[in-house]
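There are 2 protein chains.
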Amino acid sequence: MEYKEYIEKFFNQGHKHYLSHISIDCVVFGFHENELKVLLLNMKNLNSWVLPGGFILKDEEMETAVKRILTERTGLTDIFLHQFQTFGGLSRSSFTVPELFFKNLQIKKDSWMFDRFISVGYYALVEYSKVKPIPDILSEKCEWFNVHDLPELAHDHRHIFDEAWQSLRFWINHYPIGYNLLPEKFTMPDLQKLYETILDRKLDRRNFQRKMLATGILNRLNEVKPGVAHKAPYLYTFNIAAYEKTLKTGFGFAL
Amino acid sequence: MEYKEYIEKFFNQGHKHYLSHISIDCVVFGFHENELKVLLLNMKNLNSWVLPGGFILKDEEMETAVKRILTERTGLTDIFLHQFQTFGGLSRSSFTVPELFFKNLQIKKDSWMFDRFISVGYYALVEYSKVKPIPDILSEKCEWFNVHDLPELAHDHRHIFDEAWQSLRFWINHYPIGYNLLPEKFTMPDLQKLYETILDRKLDRRNFQRKMLATGILNRLNEVKPGVAHKAPYLYTFNIAAYEKTLKTGFGFAL
DNA sequence: AATCATTGCGTATATTTAACACAATGAAAA
DNA sequence: TTTTCATTGTGTTAAATATACGCAATGATT
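Top to bottom, those sequences are chains F and A.
According to the UniProt record's numbering, the first sequence is numbered sequentially starting from 1.
According to the UniProt record's numbering, the second sequence is numbered sequentially starting from 1.
Next comes the structure, spelled out in structure tokens:
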């Protein structure tokens, strides 16, 4: 029974490989059908969900750990990451499970996994269609949820999510977004809907277009979106050089 | 020899009371004689300096730990705190000391203090004149330094300081500042110099005054600054209610 | 009484934001 | 074929905000 062995080793020996008392929690945002989505996991036999997370190997950079964790959950490499806050509440434990989870498992009462954890929060922006959600060893499902219709989250994960979203809202007023979140080619309405969804408010179509074009981060292609029953919008790609540059300097306006 | 015992216990037993692998580093800003200052410590017999820091007790909220640490270093309670980033580099150890530090000390080679640390960075804003800098048990001096003339800092503390200052610069464009940093009564030029020092650039005197007054966070007193050889500026206090409110909502302009 | 650095308030101009008008497009309907 | 219609691309205008100065008032110092 390989699973049993793995779990027992993780609980009983994990502190030898991972930094104890420190966990990573990730809020993975995707955009699909004009909705902002978040990736959640749920435990076997437990009806509350949790954010994808994990631990830092003793010889691993923290950010490398986050990328490793997210690659395991999504299949993607090269994910946009942003550390937004670290959570140090007193009653934080890395997870909860129903008692029956431990049935047939030989796990020490003083396992590092039952200790208090300080958790470093990252949010990630990914291209929805490229993600293959993969549950981790402790969970059963890994699914997307609309940010407006989240299930009950365990621990303080609802709070972590709220802080992540707020941080993201703040971020997009100062830095470009969309690369990593939209397909390679997209239209101006697509981009606008992304902004509207994250900011959770309507924007003026015409002013939005003018501002975005003024930033210089967009390339307008000599193509329009096919198969629309009205005037077809141009397709755009991001001007990567300008995009990367603006990621560092920020742009001066707010939407 | 009480000191010897204390140090040995801290190194050899500390992991029983503190969360291992996690440290706190604080960038304490003060303002004095129109200069932005930072509080630094230095080790006995070591000529590089470090930021004030410490560890989290197992039954203590993280933010409580930060306040405890800062109260120990400054004598102040009720300090403005802002968590700005968490540092997870691979080669982070909580401290370095010269070999001779361990002379006559019985310290285990595998002490928790030699492990790798993830450090949560906070900056603090304090009223310079009220601070009584107090070295910690491992250090000899605790002194203020002009941010433009810092000594060599150990580990990645220079990087941590840079990030803190940048975060503070960003912050003051959106939220009020000055309370906790200026004396109770201050003049408009005082406040402006504070902003100029943090932002590291000149601001127009007249526009600054107009904007600050428009925020409503200032009370103009029926007093002027005494003992000046020219037109005496009004004294102000902060309107605490409005200040607190704006701390939550932010104000809409940038300087 | 004159000097002078500095303050408080005002104004003129440029820049940015917000709100809206209108022709162009092209598939779908008539 | 022609008309309809939702939607796009661009332009225009008014309001709000930011920036750059002008100038009289102040009050210790000369």
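Yeah, the Cβ is synthetic: ideal placement off N, Cα and C, and Gly gets one too.
>> Going by DSSP in three states, F:Ala-124 sits in which element: helix, strand or coil?
In response: DSSP places F:Ala-124 in strand when its eight states are reduced to three.
>> Can you pull out the residues from the segment 10–30 of chain A whose beta carbon lies closer than 7 angstroms to at least one beta carbon of chain F?
In response: Across the segment 10–30 of chain A, CB contacts with chain F closer than 7 angstroms involve Leu-19, Ser-20, His-21, Ile-22, in sequence order along the chain.
> Which residues of chain F have a Cβ atom closer than 9 angstroms to the Cβ of A:Val-120, listed in chain order?
Replying inline: Contacts between A:Val-120 and chain F, judged by CB atoms closer than 9 angstroms, involve Thr-86, Gly-88, Ile-118, Val-120 in chain order.
>> I'd like to know whether the C-beta of A:Met-212 is nearer than 7 angstroms to at least one C-beta of chain F.
In response: By this cut-off, A:Met-212 is not an interface position.
> Just the Cα atoms here: how many angstroms apart are A:Phe-145 and F:Leu-199?
Replying inline: Rounded to the nearest whole angstrom, the CA to CA distance from A:Phe-145 to F:Leu-199 is 41 angstroms.
>> If you follow the alpha helix (DSSP H) that A:Asn-207 is in, where does it begin and where does it stop?
In response: Taken as a continuous stretch (DSSP letters only), the alpha helix (DSSP H) holding A:Asn-207 covers 205–215.
> Would you say A:Met-43 faces chain F, with C-beta separation under 7 angstroms as the test?
Replying inline: It does not; no Cβ of chain F falls within 7 angstroms.
> With F:Tyr-234 and F:Leu-221 assumed to form a contact (beta carbons below 8 angstroms), what rounded beta-carbon distance in angstroms separates them?
Replying inline: Contact between F:Tyr-234 and F:Leu-221 holds: CB atoms are separated by about 7 angstroms, below the 8 angstroms threshold.
> What do you get for F:Lys-109, buried or exposed, if any count of 16 or more other CB atoms within 10 angstroms of its CB means buried?
Replying inline: Counting Cβ neighbours within 10 Å, F:Lys-109 comes out exposed, since fewer than 16 surround it.
> Using 7 angstroms as the limit for Cβ to Cβ distance, is F:Glu-61 near chain A?
Replying inline: Judged by the 7 angstroms Cβ criterion, F:Glu-61 is in contact with chain A.
>> Can you confirm whether the segment 173–180 of chain F touches the segment 121–131 of chain F when touching is taken to mean that 3 or more C-beta pairs between the two stretches lie within less than 8 angstroms?
In response: Yes, the segment 121–131 of chain F is in contact with the segment 173–180 of chain F.
>> Rounded to whole angstroms, what is the Cα-Cα separation between A:Ser-167 and A:Phe-84?
In response: When rounded, the distance between both Cα atoms is 7 angstroms.
> In chain A, which residues lie with their C-beta within 8 angstroms of the C-beta of F:Gln-83?
Replying inline: Per Cβ cutoff of 8 angstroms: Gln-85, Thr-86.
> In chain order, what residues of the same chain have a beta carbon less than 7 angstroms from the beta carbon of F:Phe-253, not counting five sequence neighbours either side?
Replying inline: For F:Phe-253, same chain residues with a beta-carbon under 7 angstroms away, outside a window of 5 residues either side, are Lys-211 in chain order.
> Using 8 angstroms as the Cβ pair cut-off and three pairs as the minimum, do the segment 218–232 of chain A and the segment 145–159 of chain A touch?
Replying inline: With the cut-off at 8 angstroms, the segment 218–232 of chain A and the segment 145–159 of chain A do not touch.
>> Taking the straight line between their C-alpha atoms, what separation do you get for A:Leu-105 and A:Gly-54?
In response: Taking the straight line from one Cα to the other gives about 21 angstroms.
>> Considering only the alpha carbon of each residue, which of A:Leu-57, A:Gly-30, A:Ser-23, A:His-17 lies closest to A:Glu-119?
In response: Glu is not the amino acid found at residue 119 of chain A; the sequence shown has Ser there. The shortest C-alpha to C-alpha distance from A:Ser-119 to any of A:Leu-57, A:Gly-30, A:Ser-23, A:His-17 is the one to A:Ser-23.
> Going by other Cβ atoms of all chains shown within 10 Å of its Cβ, with 16 needed for buried, is F:Tyr-6 buried or exposed?
Replying inline: Taking all protein chains shown into account, F:Tyr-6 has fewer than 16 neighbouring C-beta atoms within 10 Å of its C-beta and is therefore exposed.
>> Taking the beta carbon of F:Asn-42 as the centre, do at least 16 other beta carbons fall within 10 Å, making it buried, or is it exposed?
In response: It counts as buried.
> Going along chain A, which residues have a C-beta under 8 angstroms from residue 293 of chain F?
Replying inline: Here chain F comprises residues numbered 1 to 255, so residue 293 of chain F is not present and cannot be evaluated.
> Going straight from the alpha carbon of F:Lys-44 to that of F:Lys-141, what length do you get?
Replying inline: As the crow flies, the alpha-carbon of F:Lys-44 is around 8 angstroms from that of F:Lys-141.
> Pick from F:Leu-36, F:Phe-31, F:Cys-26: whose alpha carbon is nearest that of F:Ala-65?
Replying inline: The shortest C-alpha separation from F:Ala-65 is found at F:Cys-26.
> Taking the continuous alpha helix (DSSP H) assigned at F:Met-113, which residues delimit it?
Replying inline: Element bounds for F:Met-113: n/a, residue is neither H nor E.
> If you count every other CB in all the chains shown that lies within 10 Å of the CB of F:Pro-226, and 16 or more means buried, which is it?
Replying inline: F:Pro-226 is exposed by the Cβ-count criterion.
> By DSSP, does F:Phe-238 sit in helix, in strand, or in coil?
Replying inline: In this structure, F:Phe-238 counts as strand in the three-state DSSP scheme.
>> Which residue wins for smallest C-alpha separation from F:Leu-218, given the options F:Phe-208, F:Asn-207, F:Thr-237?
In response: Comparing Cα-Cα distances from F:Leu-218 to each of F:Phe-208, F:Asn-207, F:Thr-237, the minimum goes to F:Thr-237.
> When the Cα atoms are used, what is the spatial distance from A:Arg-101 to A:Val-50?
Replying inline: The residue asked about is misnamed: residue 101 of chain A is Phe in this sequence, not Arg. Roughly 16 angstroms separates the two Cα atoms.
> In angstroms, rounded to a whole number, what distance separates the CA positions of A:Leu-70 and A:Ile-137?
Replying inline: For A:Leu-70 and A:Ile-137, the distance between alpha carbons rounds to 14 angstroms.
> Hey, F:Phe-11 and F:Ile-160: beta-carbon distance below 7 angstroms or not?
Replying inline: Contact flag unset, no.
> Does the Cβ of A:Val-131 have 16 or more other Cβ atoms within 10 Å, making it buried, or fewer, making it exposed?
Replying inline: Under this definition A:Val-131 is a buried residue.
>> By the three-class DSSP mapping on this structure, what secondary structure does A:Lys-16 have?
In response: A:Lys-16: helix per DSSP, three-state reduction.
> Between F:Ala-164 and the rest of its own chain, which residues show a CB-CB distance below 7 angstroms, the 5 nearest in sequence each way excluded?
Replying inline: Residues of the same chain with a CB within less than 7 angstroms of the CB of F:Ala-164, apart from the 5 flanking positions on each side, are Val-27, Phe-84, Gly-121, Tyr-123 in chain order.
>> Going by the DSSP bridge assignment, what does F:Glu-35 pair with across the sheet?
In response: Listed as beta-bridge partners of F:Glu-35 by DSSP are F:His-32.
>> How far does the beta strand (DSSP E) with A:Lys-141 in it extend, from its first residue to its last?
In response: Here the beta strand (DSSP E) through A:Lys-141 covers 139–146.
>> Output needed for A:Val-147: all residues of its chain with C-beta closer than 6 angstroms, excluding positions within five of it in sequence on either side, in chain order.
In response: Contacts found: Leu-36, Val-38.
> Roughly how many whole angstroms lie between the Cα atoms of A:Ile-240 and A:Asn-173?
Replying inline: Their backbone Cα atoms lie some 19 angstroms apart in a straight line.
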